[in-house]
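Just so you know, we're using the working numbering here: the sequence shown kicks off at 2 and counts up by one. Built from N, CA and C at the ideal position, the CB exists for glycine as well.
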Amino acid sequence: MSDVDLIVVGAGPTGRALASRSGVAGLRVILVDPNPDDAWTATYGMYADDAPSWLDASVVASRSATFTVFTPHRRVVDRGYLVLDPEPFRQSLSLENVEVIAERAGVVSATTVTLRDGTVLTARHVVDARGTAAVADESLPRQTAFGVFSAPAEPDETVLMDWRAAGISALDPASFSYRINTARGRLSQETCLAGRPPIPISELERRVRLRQASTPQAPAGSAGAAATEVVDFPMRVRVRPWRGDGPLRFGAAGGLMNPATGYSVAHSLHAVDVIVAALTADQDPATALWPRSARAVYLLRLIGLAVLLALTPAQLVTFFDAFFALSIRRQRAYLSARDDVWGLLRSMWAVFVRCPTRLKSAVVTASVRGAVDLVRAA
Ligand SMILES: Cc1cc2nc3c(=O)[nH]c(=O)nc-3n(C[C@H](O)[C@H](O)[C@H](O)COP(=O)(O)OP(=O)(O)OC[C@H]3O[C@@H](n4cnc5c(N)ncnc54)[C@H](O)[C@@H]3O)c2cc1C
């Protein structure tokens with residue numbers, strides 16, 4: 002006998018949003034997390050048109066109508082970008098209609114959750130949103146980044162990718178600079194988009210300092226060491242996250258991360274409503290979340306990740322130069338849409354035809370290898 006409609010395991014952005022929206026929709030919900038009241042500190046950014054309509058506007062720390070990339074020449078892209086203030090964002094996801102259990106889950110199945118103290122909870126559905134922090138598989142490609150917060154300074158444009166070497170003599174392996182305004186000041190972050198192994202945090206910190214040496218900025222807040230941020234997560238967990246008899250996996254560890262970019266928060270927030278709609282209509286949430294089109298898009302993006310992993314630093318810069326020359330519609334199909342297979346294929350083709358011949362052959366080789374790996378992992 003099920004006690005509630007839904008148990009959500011994990012109260013990160015994905016799990017808390019799902020629990021909150023399910024509670025608002027009238028479902029009986031339990032949220033399990035050892036530290037559900039811990040403040041969120043990670044800087045969450047997203048394309049403005051990816052933000053769900055219900056996102057509280059007051060949690061947006063900065064908003065820009067365009068963003069800039071250097072690939073290596075400067076290009077302004079006419080697509081808005083938002084940066085959330087993490088703690089107000091957490092608090093905006095109200096748990097008024099949710100039973101919160103501050104405990105670590107042990108065994109998690111499709112309809113039961115066994116807590117570490119032995120208590121067994123049952124529900125019609127269990128969603129596993131435990132994130133990727135415990136994923137220790139070193140063979141997985143990872144994204145790493147190191148960022149420093151400083152006082153806002155001019156120019157303060159939103160720079161999503163700056164591939165210029167900026168004082169770094171050898172950009173190998175490749176990293177780029179990401180510079181945005183946040184609630185904690187200006188964040189200047191050096192990012193390894195995807196690496197196997199990724200660039201170590203210590204090396205990214207060195208590169209941030211090198212770039213800063215050419216454009217010194219004051220630390221955010223009072224005098225003293227500037228606040229910093231570290232990013233280190235796998236770009237995917239399972240090759241086919243929709244498979245398996247266990248609970249529905251959701252969020253960064255459940256295939257909601259775009260494996261070619263590392264973005265997941267906006268995708269998860271959008272998908273929350275897909276799950277809530279399925280649950281309230283008494284339909285299977287896994288089927289609703291993973292139609293064939295979404296599965297195909299995910300596998301194609303894994304091939305995109307294989308390409309990123311195979312390119313040399315110089316090729317990566319040329320690749321992104323071709324990418325950001327696409328229309329916003331084409332960029333969205335690559336970066337954002339979860340189930341637009343033809344749109345994604347057209348975007349991939351449009352990047353490919355813009356690449357020089359040598360890069361084309363590297364892309365084909367990496368794509369074929371990526372596709373073979375996917376078949377082998379079936
Ligand atoms: C510094 C930083 C900056 C980032 N910036 C961006 C960005 O700008 N845009 C973007 O899209 N992504 C960004 N990411 C990636 C993104 O943050 C993560 O992918 C996102 O947090 C994933 O959310 P999630 O809810 O799926 O998992 P998590 O945020 O990892 O949450 C998992 C939750 O599960 C809980 N949990 C774990 N084990 C158990 C257990 N056994 N029982 C119960 N609960 C458990 C944890 O306590 C945690 O609360 C960033 C990541 C970092 C680290």
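query: Nearest neighbour of residue 306, chosen from 197, 59 and 126 [CA to CA]; result: 197
query: Burial state of residue 75 (16 or more Cβ within 10 Å); result: exposed
query: beta-carbon residue 131 near ligand 1 non-hydrogen atom, thresh 6 Å; result: yes
query: Classification of residue 164 by the beta-carbon crowding that lies within 10 angstroms, buried from 16 upward; result: buried
query: Residue 24 Cβ short of 6 Å to ligand 2 heavy atom set; result: The model on display carries ligand 1 but not ligand 2.
query: Own chain residues within Cβ distance below 8 Å of residue 285, not counting five before or after; result: 279
query: Distance cut-off 6 Å: residue 195 Cβ against heavy atoms of ligand 1; result: no
query: Touch test, the segment 351–365 against the segment 285–299, Cβ-Cβ under 8 Å, three pairs minimum; result: no
query: C-alpha gap between residue 26 and residue 211, whole angstroms; result: 50 Å
query: Reference residue 127, options 373, 277, 375 and 189, closest by Cα; result: 277
query: Residues near residue 323 by beta carbon distance below 7 Å, same chain, minus five either side; result: 352, 355 and 356
query: Continuous alpha helix (DSSP H) assignments of at least 4 residues falling wholly in the segment 83–115; result: 87–93
query: Residue 200, DSSP secondary structure in three states; result: coil
query: Residue 264 Cβ short of 6 Å to ligand 1 heavy atom set; result: yes
query: Rounded C-alpha distance that separates residue 49 from residue 89; result: 18 Å
query: Distance, residue 194 Cα to residue 369 Cα; result: 21 Å
query: Neighbourhood of residue 287 by C-beta, 7 Å cutoff - its chain only, sequence neighbours within 5 removed; result: 243 and 249
query: Separation of residue 299 from residue 241, as counted between CA atoms; result: 8 Å
query: Reduced DSSP category for residue 190 - H, G, I as helix; E, B as strand; rest coil; result: strand
query: Range covered by the beta strand (DSSP E) that runs through residue 352; result: Taken as a continuous stretch (DSSP letters only), residue 352 belongs to no beta strand (DSSP E), being part of the alpha helix (DSSP H) at 342–355.
query: Per DSSP, the bridge partner or partners of residue 360; result: Looking at the DSSP assignment, residue 360 forms no beta bridge with any residue, so it has no partner.
query: Residue 182 - partner residues in DSSP beta bridges; result: 187
query: Any non-hydrogen atom of ligand 1 closer than 6 Å to residue 230 Cβ; result: yes
query: Own chain, CB closer than 8 Å to residue 45, minus 5 neighbours either side, in chain order; result: 14, 84, 85, 87, 90 and 266
query: Burial state of residue 223, where buried means 16 or more other Cβ atoms lie within 10 Å; result: Caution is warranted here: a pLDDT of 49 is assigned to residue 223, below 50, making its placement in the model unreliable, and no coordinate value can be reported.
query: Residue of 201, 303 and 53 minimising C-alpha distance to residue 346; result: 303
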